[in-house]
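Below you'll find the structure, written out as structure tokens, and then a few comments.
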Amino acid sequence: MRPAVLVTPMAQKIPKIENAEYIGIDAGCLRILEAGLDLAYGVGDFDSIDSKELEYLNKHSHLEIHPVKKDETDSELALAFAAQLGFSPLFLVGALGGRIDHSLANIRLLMYRYDDLILWEEDQRVFVLLEGKHVLSREFKHVSFLAVKDSVLSLEGFLYPLTHAVLRVQDIYTTSNTIQQEQGIVTVEKGKLLCIMTNRK
1 MRPAVLVTPM AQKIPKIENA EYIGIDAGCL RILEAGLDLA YGVGDFDSID
51 SKELEYLNKH SHLEIHPVKK DETDSELALA FAAQLGFSPL FLVGALGGRI
101 DHSLANIRLL MYRYDDLILW EEDQRVFVLL EGKHVLSREF KHVSFLAVKD
151 SVLSLEGFLY PLTHAVLRVQ DIYTTSNTIQ QEQGIVTVEK GKLLCIMTNR
201 K
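Number 97 in this note's numbering belongs to position 97 of the sequence shown; there are no gaps in the numbering.
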């Protein structure tokens, strides 16, 4: 499948991902063009840009324009649009840098709707781990795990290893671990985890 990079207005840096289509969310369309990347689609109510900018975007891409008064967030609409077109995986850029309600909403979209979604920031990533074995690189200093649903996991190559550990949705003891070897191995024996990798202090 072909990946899609969805860019919010809060995006600071946009990754260049091979063979990906770039989808702007509202003024995120402008961030894509400013970065010198091709804008394939734009989705949102476009209430944060002026009429001249909207006219310019209409000439350079296909826009899905939604009303300002709606039940869904612009990011929610953009993710549904990308998924409907068959894109996977989905990278949501700038999902965590704005209002806390929108950040939490984006995390919930990851946890409960889109297993192939990655929340991408220059210095951190957030994604889900399904049942099975997963290999993580040492690219990030801190690694945390939270249970989307009650889970059992094992950690190898970490500062704090675990063996068949039960992690309930209310548990936070798996916050702020560190990969000590070349790779960290996470085995999700049961359940579903939220993985947060960050270089922030």
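A virtual CB, placed ideally from N, CA and C, is assigned to each residue, including glycine.
With 16 other Cβ atoms within 10 Å as the buried cut-off, status of residue i
| i | result |
| --- | --- |
| Val43 | buried |
| Gly28 | buried |
| Tyr173 | exposed |
| Pro9 | buried |
| Gly86 | exposed |
| Ser151 | buried |
Per-residue DSSP class, three states only, for residue i
| i | result |
| --- | --- |
| His102 | helix |
| Ile14 | coil |
| Leu37 | coil |
Straight-line gap, residue i to residue j (C-alpha atoms, nearest Å)
| i | j | result |
| --- | --- | --- |
| Glu122 | Ala165 | 31 angstroms |
| Val148 | Met197 | 16 angstroms |
| Ile114 | Leu92 | Note that residue 114 is Tyr in the sequence shown, not Ile. Each residue's alpha carbon lies about 11 angstroms from the other. |
| Val135 | Ile185 | 5 angstroms |
| Phe145 | Asn177 | 9 angstroms |
| Lys190 | Val143 | 19 angstroms |
| Thr73 | Gln183 | 37 angstroms |
| Leu33 | Leu39 | 7 angstroms |
| Val5 | Gly36 | 14 angstroms |
| Glu76 | Phe46 | 14 angstroms |
| Lys192 | Leu63 | 35 angstroms |
| Ile23 | Glu139 | 26 angstroms |
| Ser137 | Asp116 | 18 angstroms |
| Gln170 | Cys195 | 15 angstroms |
| Lys59 | Asp50 | 15 angstroms |
| Thr187 | Pro161 | 11 angstroms |
| Ala11 | Gly97 | 8 angstroms |
| Ser154 | Leu167 | 10 angstroms |
In the segment 120-194, which residue ranges form an unbroken beta strand (DSSP E) of at least 3 residues, counting only runs that do not cross its ends?
-> 124-129, 132-137, 142-156 and 162-167
Mind listing, in chain order, the continuous beta strand (DSSP E) runs of no fewer than 3 residues lying wholly within the segment 40-124?
-> 41-44, 62-65, 90-93 and 117-121
Indicate whether the contact test is met: 3 or more Cβ pairs, each with one atom in the segment 124-132 and one in the segment 95-110, closer than 8 angstroms.
-> yes
Evaluate the contact criterion for the segment 42-58 versus the segment 11-22: three or more CB pairs, one atom per stretch, below 8 angstroms.
-> no
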